[in-house]
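Working notes, beginning with the structure itself.
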Amino acid sequence: MTVRELVDTLNLCIVSEGDLCRNINGCYIGDLLSWVMSNAQSDNVWLTIMSNINIVAVATLTDVSCIILCENVSPDEECLKKAQLQEINILKTDMSTYDLAVKLGAVL
Amino acid sequence: MDNNTLNIRYEVVAKDFSRAGEASSALKKVLRKLNISPDIIRKVSIPMYEAEINMVIHANGGYIDVDITPETIHVVLTDNGPGIADLELAMQEGYSTATDNVRELGFGAGMGLPNIKKYSDDMKITTQLGKGTTVEIFVNIPA
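Take a look at the structure:
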């Protein structure tokens, strides 16, 4: 499944658009950046409520296919700017992290 | 300089979280261009990011020198920060001296130094209170 297909399937909102054709392979959930750095795998979807600029560097280094901000969290302006510059996919949803994870589990 | 060695220097600015991780991201791009395998890039990127973040949070910034040969990637992070009082304690998972405002950004999990050790092939820390810390990360490139 691609990021674009996931957006359409789960009705997610695109807040920063990179390569939406990237494939998705699995999911990692976490807000502590060292844990995410250590455990998120390339092509994972990363679910978090962290929305500051540092998530962009972590997404770049872990090579996740997209970040999904849950619980209706929005990235701050600095984060959004950097994500757009680095072409990192950031999506958002008003679903809780759990609800989104359950839905992801059904479609991935 | 050996013809087979590529040397790169990055500067890390203290307390500037908007640029934290830029050196690690830049090196990742270089390693990709050199056709280094994703597994090896990961082994370098995770420790280097952790050490870079430590420099931003705890030290007064500093320099990162990277030497790349066909066999190894050697990253040396040098700062003039406060030094590490108890290195054994700092190496324990979960131990952190990060302040609350740093933790709110998602840091301070106490996994920085343990992650460096876990992912690199070898690490070396030299630290002196009031003088600074040098973290060396070694990653081998299999033939």
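Protein chains in written order, with the numbering used here: chain V, 5 to 112; chain D, 42 to 184. Where is the CB? At the ideal position from N, CA and C, for every residue including glycine.
Beta-bridge partners of residue i, as assigned by DSSP
i        : result
D:Phe179 : D:His115, D:Asp163
D:Asp106 : D:Arg50, D:Val117
V:Trp50  : V:Tyr32, V:Ile71
V:Lys96  : V:Cys17, V:Leu73
D:Gln169 : D:Gly173
V:Asp27  : In the sequence under discussion, the amino acid at residue 27 of chain V is Asn, which differs from the Asp named in the question. V:Asn27 pairs with V:Thr6.
Anticipated Cβ contact below 8 Å, residue i with residue j, distance rounded
i        : j        : result
D:Ala55  : D:Val97  : 6 Å
D:Ile87  : D:Asn156 : 6 Å
D:Ala64  : D:Ile105 : 5 Å
V:Ser20  : V:Ile92  : 6 Å
D:Glu93  : V:Met41  : At roughly 11 Å, the Cβ-Cβ gap does not stay under 8 Å, so D:Glu93 and V:Met41 are not in contact.
D:Gly151 : D:Ser137 : 4 Å
V:Ser69  : V:Val7   : 6 Å
V:Asp35  : D:Gly135 : Actually they do not touch by this definition, with Cβ atoms about 16 Å apart.
D:Asp120 : D:Ala100 : 3 Å
Option in the options with minimal Cα separation from residue i
i        : options                                : result
D:Thr110 : D:Arg60, D:Ala150, D:Leu72, D:Glu52    : D:Leu72
D:Asp163 : D:Ile114, D:Asp127, D:Tyr136           : D:Ile114
V:Asn58  : D:Ala61, D:Asn95, D:Ile125, D:Gln169   : D:Ala61
V:Met54  : V:Gln45, V:Val68, V:Leu37              : V:Leu37
D:Asp39  : D:Asn76, D:Gly102, D:Gln169            : This structure gives no information on residue 39 of chain D, because the portion of chain D shown stretches from 42 to 184.
V:Met99  : V:Glu82, V:Lys85, V:Leu16              : V:Leu16
D:Gly153 : D:Ala64, D:Ile49, D:Asn95, D:Lys69     : D:Asn95
V:Lys86  : V:Tyr32, V:Gly34, V:Asn56, V:Ser42     : V:Asn56
D:Ile166 : D:Lys69, D:Thr174, D:Gly151            : D:Thr174
D:Ile49  : D:Glu112, D:Val107, D:Gly135, D:Glu145 : D:Val107
V:Gly30  : V:Ile18, V:Asp12, V:Leu51, V:Asp23     : V:Leu51
D:Leu75  : D:Tyr51, D:Leu118, D:Leu47, D:Asn101   : D:Leu47
V:Ala63  : V:Asn48, V:Val77, V:Asp80              : V:Asn48
V:Asp23  : V:Gln90, V:Gly109, V:Thr97             : V:Gln90
D:Tyr160 : D:Lys172, D:Gly149, D:Ile178           : D:Ile178
V:Ile94  : V:Leu108, V:Cys74, V:Asp35             : V:Cys74
D:Asn45  : D:Glu112, D:Asn181, D:Ser59, D:Ala67   : D:Glu112
V:Ile33  : V:Glu9, V:Asn43, V:Leu84               : V:Asn43
V:Asn76  : V:Thr101, V:Glu82, V:Val60             : V:Thr101
D:Leu68  : D:Met89, D:Gly122, D:Ser59             : D:Met89
Residue i, DSSP secondary structure in three states
i        : result
V:Val77  : coil
V:Thr66  : helix
V:Leu112 : coil
V:Met41  : helix
D:Ser66  : helix
D:Gly153 : helix
V:Asp101 : The sequence given here has Thr at residue 101 of chain V, not Asp. Reduced to three states, the DSSP call for V:Thr101 is helix.
V:Ala61  : helix
D:Ser59  : coil
D:Ile98  : helix
D:Ser86  : helix
D:Glu145 : coil
D:Asp80  : helix
D:Gln133 : coil
V:Asp12  : helix
V:Glu82  : helix
D:Ala92  : helix
D:Ala184 : coil
Residue burial classification, residue i (beta-carbon count within 10 angstroms, cutoff 16)
i        : result
D:Gly103 : buried
D:Ser78  : exposed
V:Val106 : exposed
D:Lys84  : buried
D:Pro183 : exposed
V:Ile103 : For clarity, residue 103 of chain V is Asp in the given sequence; the question names Ile instead. With fewer than 16 Cβ atoms within 10 Å of its Cβ, V:Asp103 is classed as exposed.
D:Asp141 : exposed
V:Val78  : Per the sequence shown, the amino acid found at residue 78 of chain V is Ser instead of Val. By the 10 Å Cβ count, V:Ser78 comes out exposed.
V:Thr13  : exposed
V:Gly109 : exposed
D:Gly171 : exposed
V:Cys83  : buried
V:Lys96  : buried
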